[in-house]
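Throughout the sequence shown, residue numbering follows numbering that gives the first Met the number 0, covering 0 to 285 in sequence. Here a beta-carbon is modelled for each residue, glycine too, at the ideal position from N, C-alpha and C.
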Amino acid sequence: MRKLLKYFSLESSVFFLVTLILAVLIWIYLYSNEIFLPVSILVFLSVLSGLILPSIFISWLVIGLMSIGMAILILGRVFISFPSQLILLFVFPFFALISFFIHLNIFMRRSTLHDLKNVRSFARHMDSLTNLRGVQSAEKFYKKCVRFVRLSPDLEIDFNVTLIRLAHQEQFYQLDHSAYTHVIYQIADTLKYTRLPSEHIFYIGSGDFLLLSASLSNELFDYLNRITSTQLNLVHFKAGSQSHNLQYKWGSEKVTQMNVKNFSDYGEMIHRLNRKLETEIVVEYL
(Lines of atoms letter the chains of each structure in order from A; the text may use other names.)
(Lines give C-alpha, C1' and ligand atoms only; values in the text may rest on other atoms or scores of the structure.)
Protein backbone atom coordinates (compact mmCIF):
# COMPACT_ATOMS: atom_id res chain seq x y z
CA MET A 0 0.00 0.00 0.00
CA ARG A 1 2.81 2.42 0.88
CA LYS A 2 4.53 1.75 -2.43
CA LEU A 3 1.27 2.53 -4.20
CA LEU A 4 0.94 5.81 -2.31
CA LYS A 5 4.19 7.04 -3.85
CA TYR A 6 2.52 7.24 -7.26
CA PHE A 7 -0.51 9.26 -6.13
CA SER A 8 -0.44 12.65 -4.47
CA LEU A 9 -3.09 13.60 -1.92
CA GLU A 10 -4.68 16.10 -4.29
CA SER A 11 -4.91 13.63 -7.18
CA SER A 12 -6.38 10.97 -4.87
CA VAL A 13 -9.10 13.31 -3.61
CA PHE A 14 -9.88 14.44 -7.15
CA PHE A 15 -10.12 10.81 -8.27
CA LEU A 16 -12.48 9.94 -5.40
CA VAL A 17 -14.81 12.90 -6.00
CA THR A 18 -14.88 12.24 -9.74
CA LEU A 19 -15.57 8.55 -9.19
CA ILE A 20 -18.41 9.26 -6.72
CA LEU A 21 -20.09 11.66 -9.14
CA ALA A 22 -19.67 9.24 -12.04
CA VAL A 23 -21.08 6.30 -10.07
CA LEU A 24 -24.06 8.25 -8.72
CA ILE A 25 -24.91 9.65 -12.15
CA TRP A 26 -24.64 6.19 -13.68
CA ILE A 27 -26.80 4.66 -10.92
CA TYR A 28 -29.39 7.40 -11.35
CA LEU A 29 -29.57 6.73 -15.08
CA TYR A 30 -29.33 2.93 -14.79
CA SER A 31 -31.67 2.16 -11.88
CA ASN A 32 -33.39 5.00 -10.10
CA GLU A 33 -34.80 2.67 -7.43
CA ILE A 34 -31.41 2.01 -5.80
CA PHE A 35 -30.09 5.58 -6.14
CA LEU A 36 -30.94 6.57 -2.56
CA PRO A 37 -29.51 3.47 -0.82
CA VAL A 38 -26.38 3.63 -2.99
CA SER A 39 -25.94 7.32 -2.11
CA ILE A 40 -26.25 6.52 1.59
CA LEU A 41 -23.78 3.62 1.32
CA VAL A 42 -21.30 5.79 -0.58
CA PHE A 43 -21.52 8.51 2.08
CA LEU A 44 -21.07 6.02 4.94
CA SER A 45 -18.21 4.21 3.20
CA VAL A 46 -16.29 7.44 2.55
CA LEU A 47 -16.86 8.59 6.13
CA SER A 48 -15.72 5.24 7.51
CA GLY A 49 -12.64 5.11 5.31
CA LEU A 50 -11.52 8.60 6.34
CA ILE A 51 -12.15 8.21 10.06
CA LEU A 52 -11.94 4.58 11.19
CA PRO A 53 -8.73 2.56 11.64
CA SER A 54 -8.01 -0.21 9.17
CA ILE A 55 -8.96 -3.02 11.57
CA PHE A 56 -12.41 -1.53 12.17
CA ILE A 57 -12.94 -1.00 8.45
CA SER A 58 -12.01 -4.62 7.77
CA TRP A 59 -14.46 -5.97 10.32
CA LEU A 60 -17.16 -3.53 9.19
CA VAL A 61 -16.78 -4.59 5.55
CA ILE A 62 -16.80 -8.27 6.48
CA GLY A 63 -19.88 -7.82 8.67
CA LEU A 64 -21.86 -5.77 6.15
CA MET A 65 -21.00 -8.07 3.25
CA SER A 66 -21.95 -11.13 5.31
CA ILE A 67 -25.30 -9.57 6.22
CA GLY A 68 -25.87 -8.44 2.64
CA MET A 69 -25.08 -11.86 1.18
CA ALA A 70 -27.33 -13.54 3.73
CA ILE A 71 -30.21 -11.25 2.80
CA LEU A 72 -29.66 -11.81 -0.92
CA ILE A 73 -29.44 -15.59 -0.54
CA LEU A 74 -32.06 -16.27 2.13
CA GLY A 75 -34.43 -13.32 1.74
CA ARG A 76 -36.78 -12.29 -1.00
CA VAL A 77 -35.31 -9.29 -2.84
CA PHE A 78 -37.33 -7.71 -5.63
CA ILE A 79 -34.47 -6.05 -7.51
CA SER A 80 -32.34 -7.25 -10.37
CA PHE A 81 -29.18 -9.25 -9.77
CA PRO A 82 -26.83 -6.49 -11.08
CA SER A 83 -28.46 -4.05 -8.66
CA GLN A 84 -27.90 -6.53 -5.84
CA LEU A 85 -24.20 -6.74 -6.68
CA ILE A 86 -23.95 -2.94 -6.74
CA LEU A 87 -25.51 -2.68 -3.27
CA LEU A 88 -23.24 -5.45 -2.02
CA PHE A 89 -19.91 -4.09 -3.24
CA VAL A 90 -20.39 -0.31 -3.25
CA PHE A 91 -19.54 0.05 0.46
CA PRO A 92 -16.25 -1.93 0.52
CA PHE A 93 -15.17 -0.38 -2.79
CA PHE A 94 -15.47 3.24 -1.65
CA ALA A 95 -14.31 2.41 1.88
CA LEU A 96 -11.06 1.04 0.42
CA ILE A 97 -10.47 4.11 -1.74
CA SER A 98 -11.28 6.44 1.17
CA PHE A 99 -8.91 4.56 3.44
CA PHE A 100 -6.25 4.95 0.75
CA ILE A 101 -6.76 8.73 0.98
CA HIS A 102 -6.72 8.47 4.79
CA LEU A 103 -3.25 6.90 4.58
CA ASN A 104 -2.18 9.59 2.14
CA ILE A 105 -3.29 12.30 4.57
CA PHE A 106 -1.42 10.57 7.40
CA MET A 107 1.76 10.37 5.32
CA ARG A 108 1.43 14.02 4.31
CA ARG A 109 1.11 15.10 7.94
CA SER A 110 4.02 12.87 8.92
CA THR A 111 6.16 14.32 6.12
CA LEU A 112 5.31 17.89 7.11
CA HIS A 113 6.14 17.10 10.73
CA ASP A 114 9.48 15.58 9.73
CA LEU A 115 10.20 18.57 7.49
CA LYS A 116 9.49 20.90 10.40
CA ASN A 117 11.91 18.94 12.57
CA VAL A 118 14.56 19.01 9.84
CA ARG A 119 14.20 22.77 9.46
CA SER A 120 14.40 23.22 13.21
CA PHE A 121 17.52 21.03 13.30
CA ALA A 122 19.05 22.95 10.39
CA ARG A 123 18.50 26.26 12.19
CA HIS A 124 20.43 25.04 15.20
CA MET A 125 22.97 22.64 13.68
CA ASP A 126 25.46 22.99 10.86
CA SER A 127 25.20 19.99 8.55
CA LEU A 128 28.87 20.09 7.52
CA THR A 129 30.51 20.25 10.93
CA ASN A 130 27.66 18.73 12.94
CA LEU A 131 28.16 21.57 15.41
CA ARG A 132 25.54 23.91 16.80
CA GLY A 133 25.16 27.20 14.96
CA VAL A 134 24.63 30.89 15.63
CA GLN A 135 21.20 30.64 17.25
CA SER A 136 22.35 27.96 19.67
CA ALA A 137 25.53 29.92 20.43
CA GLU A 138 23.58 33.06 21.26
CA LYS A 139 21.08 31.15 23.38
CA PHE A 140 23.80 29.35 25.34
CA TYR A 141 25.83 32.54 25.78
CA LYS A 142 22.82 34.30 27.30
CA LYS A 143 22.32 31.34 29.61
CA CYS A 144 25.95 31.55 30.79
CA VAL A 145 25.69 35.31 31.35
CA ARG A 146 22.47 34.91 33.30
CA PHE A 147 24.01 32.20 35.48
CA VAL A 148 27.05 34.35 36.28
CA ARG A 149 24.90 37.35 37.17
CA LEU A 150 22.54 35.34 39.36
CA SER A 151 25.31 33.50 41.24
CA PRO A 152 27.64 36.18 42.67
CA ASP A 153 28.71 34.01 45.61
CA LEU A 154 29.94 31.13 43.45
CA GLU A 155 32.60 33.16 41.61
CA ILE A 156 31.72 31.54 38.30
CA ASP A 157 33.36 32.70 35.08
CA PHE A 158 33.64 31.49 31.51
CA ASN A 159 35.91 32.06 28.54
CA VAL A 160 34.65 32.99 25.08
CA THR A 161 37.07 32.13 22.28
CA LEU A 162 36.70 32.89 18.60
CA ILE A 163 38.90 30.92 16.20
CA ARG A 164 38.90 32.09 12.59
CA LEU A 165 40.41 30.44 9.56
CA ALA A 166 42.50 33.14 7.89
CA HIS A 167 41.96 33.78 4.17
CA GLN A 168 38.86 31.59 4.22
CA GLU A 169 37.26 33.48 1.32
CA GLN A 170 40.29 32.88 -0.89
CA PHE A 171 40.34 29.19 -0.02
CA TYR A 172 36.62 28.99 -0.74
CA GLN A 173 37.06 30.51 -4.19
CA LEU A 174 40.11 28.39 -4.98
CA ASP A 175 38.45 25.02 -4.34
CA HIS A 176 35.06 24.79 -2.67
CA SER A 177 35.29 21.05 -2.09
CA ALA A 178 38.72 21.30 -0.46
CA TYR A 179 37.48 24.23 1.64
CA THR A 180 34.51 22.29 3.03
CA HIS A 181 36.83 19.40 3.85
CA VAL A 182 39.10 21.78 5.77
CA ILE A 183 36.15 23.15 7.76
CA TYR A 184 35.13 19.60 8.59
CA GLN A 185 38.69 18.75 9.72
CA ILE A 186 38.89 21.86 11.90
CA ALA A 187 35.60 20.97 13.57
CA ASP A 188 36.79 17.41 14.11
CA THR A 189 40.05 18.67 15.62
CA LEU A 190 38.21 20.95 18.05
CA LYS A 191 35.96 18.09 19.13
CA TYR A 192 39.06 15.99 19.77
CA THR A 193 41.20 18.55 21.62
CA ARG A 194 38.68 20.42 23.74
CA LEU A 195 37.18 19.23 27.01
CA PRO A 196 33.78 17.51 27.01
CA SER A 197 32.51 20.31 29.25
CA GLU A 198 33.35 22.95 26.65
CA HIS A 199 30.79 23.96 24.05
CA ILE A 200 31.82 24.34 20.41
CA PHE A 201 29.79 26.26 17.84
CA TYR A 202 30.29 26.93 14.14
CA ILE A 203 28.96 30.41 13.41
CA GLY A 204 29.82 30.43 9.71
CA SER A 205 32.49 31.78 7.34
CA GLY A 206 35.29 29.80 8.94
CA ASP A 207 34.51 31.06 12.47
CA PHE A 208 34.37 28.68 15.44
CA LEU A 209 33.19 29.81 18.87
CA LEU A 210 34.21 28.10 22.11
CA LEU A 211 32.49 28.64 25.45
CA SER A 212 34.51 27.27 28.34
CA ALA A 213 33.11 27.51 31.85
CA SER A 214 35.20 27.78 35.04
CA LEU A 215 38.60 26.79 33.66
CA SER A 216 41.79 27.88 35.37
CA ASN A 217 44.11 30.08 33.34
CA GLU A 218 46.73 27.33 33.26
CA LEU A 219 44.32 24.71 31.95
CA PHE A 220 42.79 27.12 29.45
CA ASP A 221 46.21 28.08 28.06
CA TYR A 222 47.24 24.42 27.90
CA LEU A 223 44.13 23.50 25.93
CA ASN A 224 44.73 26.37 23.53
CA ARG A 225 48.32 25.24 22.91
CA ILE A 226 47.20 21.67 22.23
CA THR A 227 44.43 22.91 19.96
CA SER A 228 46.78 25.20 18.05
CA THR A 229 49.28 22.39 17.55
CA GLN A 230 46.64 20.03 16.21
CA LEU A 231 45.09 22.68 13.97
CA ASN A 232 48.48 23.27 12.35
CA LEU A 233 48.34 19.67 11.13
CA VAL A 234 45.33 20.48 8.96
CA HIS A 235 46.26 21.45 5.40
CA PHE A 236 44.35 22.83 2.46
CA LYS A 237 44.86 20.46 -0.49
CA ALA A 238 43.71 21.56 -3.93
CA GLY A 239 44.83 19.14 -6.59
CA SER A 240 48.57 18.57 -6.22
CA GLN A 241 49.05 21.72 -4.13
CA SER A 242 49.02 21.79 -0.34
CA HIS A 243 48.85 24.97 1.73
CA ASN A 244 49.48 25.50 5.41
CA LEU A 245 46.61 27.12 7.26
CA GLN A 246 46.71 30.09 9.61
CA TYR A 247 44.25 31.02 12.31
CA LYS A 248 43.25 34.12 14.20
CA TRP A 249 42.43 33.76 17.88
CA GLY A 250 40.44 36.09 20.08
CA SER A 251 39.35 35.43 23.65
CA GLU A 252 37.53 37.19 26.48
CA LYS A 253 36.92 36.05 30.02
CA VAL A 254 33.52 36.91 31.50
CA THR A 255 33.56 37.26 35.28
CA GLN A 256 31.47 38.78 38.03
CA MET A 257 33.41 42.01 37.58
CA ASN A 258 32.77 42.54 33.85
CA VAL A 259 29.60 40.55 33.15
CA LYS A 260 27.58 43.76 32.74
CA ASN A 261 29.87 44.82 29.90
CA PHE A 262 29.42 41.52 28.06
CA SER A 263 25.74 40.80 28.63
CA ASP A 264 24.92 41.00 24.89
CA TYR A 265 26.05 38.23 22.53
CA GLY A 266 26.35 40.59 19.57
CA GLU A 267 28.60 42.95 21.49
CA MET A 268 30.83 40.06 22.53
CA ILE A 269 31.20 38.86 18.93
CA HIS A 270 31.90 42.43 17.81
CA ARG A 271 34.63 42.77 20.45
CA LEU A 272 36.21 39.48 19.43
CA ASN A 273 36.12 40.51 15.78
CA ARG A 274 37.94 43.73 16.69
CA LYS A 275 40.64 41.64 18.35
CA LEU A 276 41.00 39.41 15.30
CA GLU A 277 41.35 42.44 13.03
CA THR A 278 44.48 43.50 14.91
CA GLU A 279 46.22 40.19 14.24
CA ILE A 280 48.62 40.10 11.31
CA VAL A 281 48.88 36.93 9.26
CA VAL A 282 51.07 36.17 6.26
CA GLU A 283 49.37 35.74 2.89
CA TYR A 284 49.19 32.05 2.05
CA LEU A 285 50.22 32.70 -1.58
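Any non-hydrogen atom of the ligand ZN closer than 6 Å to residue i Cβ
| i | result |
| --- | --- |
| Ala178 | This structure lacks the ligand ZN, and indeed carries no ligand of any kind. |
Burial state of residue i (16 or more Cβ within 10 Å)
| i | result |
| --- | --- |
| Val182 | buried |
| Glu198 | buried |
| Leu211 | buried |
| Phe14 | exposed |
| Arg1 | Summary for Arg1: the model assigns pLDDT 49, below 50, so the residue's position carries little reliability, and this model does not support an answer. |
| Met290 | Nothing about residue 290 can be read from this structure; the chain reaches only from 0 to 285. |
| Arg164 | buried |
| Met69 | exposed |
| Ser214 | exposed |
| Ile101 | buried |
| Phe56 | exposed |
| Leu223 | buried |
| Ser98 | buried |
| Gly63 | exposed |
| Tyr192 | exposed |
Residues sharing a beta bridge with residue i, DSSP
| i | result |
| --- | --- |
| Tyr172 | None; Tyr172 has no bridge partner. |
| Gln135 | DSSP, once it has assigned bridges, lists no residue as partnering Gln135. |
| Lys237 | Ser242 |
| Gln65 | It should be pointed out that residue 65 corresponds to Met in this sequence rather than to Gln. Paired residue(s): none; Met65 is not in a bridge. |
| Met125 | Arg132 |
Delimiting residues of the alpha helix (DSSP H) encompassing residue i
| i | result |
| --- | --- |
| Thr227 | 217–231 |
| Gly266 | 265–277 |
| Gly49 | 35–51 |
Terminal residues of the beta strand (DSSP E) in which residue i lies
| i | result |
| --- | --- |
| Leu210 | 207–213 |
| Val160 | 158–165 |
| Val254 | 247–254 |
| Ile200 | 199–204 |
Whole-angstrom distance between residue j and residue i, CA atom to CA atom
| i | j | result |
| --- | --- | --- |
| Asn273 | Asn104 | 51 Å |
| Asn130 | Tyr179 | 16 Å |
| Lys253 | Tyr202 | 19 Å |
| Ile79 | Ser110 | 46 Å |
| Val145 | Arg194 | 21 Å |
| Leu21 | Ile27 | 10 Å |
| Glu169 | Ser240 | 20 Å |
| Leu209 | Val160 | 7 Å |
| Ala238 | Gly206 | 17 Å |
| Ser11 | Leu29 | 27 Å |
| Pro196 | Leu190 | 11 Å |
| Val90 | Ser48 | 13 Å |
| Val282 | Met107 | Low per-residue confidence applies at Val282: pLDDT is 41, beneath 50, and the placement is therefore not dependable, though the value from the model is reported in the following sentence. Computed Cα separation, rounded: 56 Å. |
From the options, residue whose alpha carbon lies closest to that of residue i
| i | options | result |
| --- | --- | --- |
| Asn244 | Ser136, Val234, Ala238 | Val234 |
| Gly133 | Met125, Gly250, Tyr192 | Met125 |
| Leu41 | Ser151, Ile79, Ser54, Ile86 | Ile86 |
| Gln185 | Gln256, Asp153, Arg225, Asn232 | Asn232 |
| Asp153 | Ala95, Ile163, Thr255 | Thr255 |
| Ser263 | Lys248, Phe140, Leu29 | Phe140 |
| Phe43 | His167, Phe94, Ser83 | Phe94 |
| Arg149 | Leu36, Phe35, Lys260 | Lys260 |
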